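Trainee: Here it is, the structure, as structure tokens.
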Amino acid sequence: MFSNKFIQRFLKACQIVVFTGDNLCTESKDAMIQGNNKQLRELFTNDQLKHNDRDFWKNVKRIRMDLEAAKPNLGHYALVDLENRFEDFTLITTAIDGLHQKAGNNKLIELRGNIRRNLCLKCGKKFYQLRENDPLIPVCPACGGKARPDVLLNDESIDQNLLKQAQQAAAEAELFIAVCLKDMHKYHQALPLIAKANGAYLVELNTERSALTENVDEFVSENPAKLLTGLALLLEKV
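First residue of the sequence shown: 3, per our numbering; consecutive thereafter.
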């Protein structure tokens with residue numbers, strides 16, 4: 003499954019970065035989550051939010067209710083185990099479903115945001131409003147300002163502050179594990195390469211080869227959720 007070289011580096015590493023795409027949820031065979039991620043990534047735009055806000059928020063609320071019922075899979079929980087074990091651990095994700103946070107990860111950089119969370123356009127406060135009887139269009143509990151989903155919409159630019167945090171974590175990593183990465187923005191695609199250029203051992207866990215594969219030190223083709231669970235179990239034996 004994993005090479006001895008990787009296992010030795012994994013067990014001795016102090017600074018680890020794991021980078022997941024939104025396809026990790028598909029390893030739990032949850033088509034609902036996969037479909038919602040795709041819809042938000044490809045269909046929802048800032049223009050729709052401004053000019054057709056009620057229909058926009060109806061769709062957001064429907065998706066939030068679906069995701070509220072969704073459960074993280076074993077791969078998500080394995081990443082929580084890794085965070086608890088390693089002193090310097092960073093989880094970067096392009097997923098917007100909030101399942102990493104729901105599983106319990108705290109050292110988390112959500113490059114595209116979290117659809118379960120709101121962002122006040124007036125004061126910048128981030129807050130949750132997930133009950134079915136909450137107002138359709140959320141209002142900031144701190145200042146009463148209008149809010150929007152705290153997620154990167156299809157026609158918006160990447161958050162440069164989040165990108166810089168991810169780039170710094172990648173540059174400092176001893177071990178960089180790419181999980182289920184596919185069809186990413188060019189700035190996101192660069193993160194594993196930044197890690198490798200700065201001396202990190204670069205590993206890809208995926209069910210199929212990707213644009214990244216030819217650049218990695220090790221490629222493991224298997225169910226990523228099972229592989230992550232295997233890494234967590236490996237730590238328990240040490």
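We put the CB at the ideal spot given by N, CA and C, even for glycine.
Because the structure is a prediction, the values reported are computed rather than measured.
With distance defined between alpha-carbon atoms, name the residue in R114, E85, N217, Q50 nearest to T231.
Mentor: E85
Trainee: With a CB to CB cut of under 6 Å and the five nearest residues on each side skipped, what residues in its chain are close to E174?
Mentor: Q17
Trainee: Give a yes or no on whether the C-beta atoms belonging to G77 and I98 are separated by under 8 Å.
Mentor: no
Trainee: List the endpoints of the continuous alpha helix (DSSP H) containing N6.
Mentor: In the DSSP annotation of this structure, the continuous segment of the alpha helix (DSSP H) that includes N6 starts and ends at 6-14.
Trainee: Drop a sphere of 10 angstroms on the beta-carbon of S5, count the other beta-carbons inside from all chains shown, and report buried for 16 or more, exposed for fewer.
Mentor: exposed
Trainee: Could you tell me how far apart the beta carbons of R150 and L121 are, in whole angstroms, since I believe they sit closer than 8 Å?
Mentor: 6 Å
Trainee: Identify whether L214 lies in helix, strand or coil by the three-state DSSP scheme.
Mentor: L214 sits in coil when the DSSP states are folded into three classes, being neither helix nor strand.
Trainee: Secondary structure at E224, three-state DSSP: helix, strand or coil?
Mentor: coil
Trainee: Could you compute how far the alpha carbon of V62 sits from the alpha carbon of K109?
Mentor: 26 Å
Trainee: Per DSSP, L204 forms a beta bridge with which residues?
Mentor: F178
Trainee: Reducing DSSP to helix, strand and coil, say where S30 ends up.
Mentor: Below a pLDDT of 50, predicted positions are generally treated as unreliable, and S30, at 46, falls in that range; the measurement from the model is reported next regardless. If DSSP states are grouped into helix, strand and coil, S30 belongs with the helices.
Trainee: How about G147 and C182: are their beta carbons less than 8 Å apart?
Mentor: no
Trainee: Can you tell me whether DSSP reads K188 as helix, strand or coil?
Mentor: Residue state, collapsed to three classes: helix.
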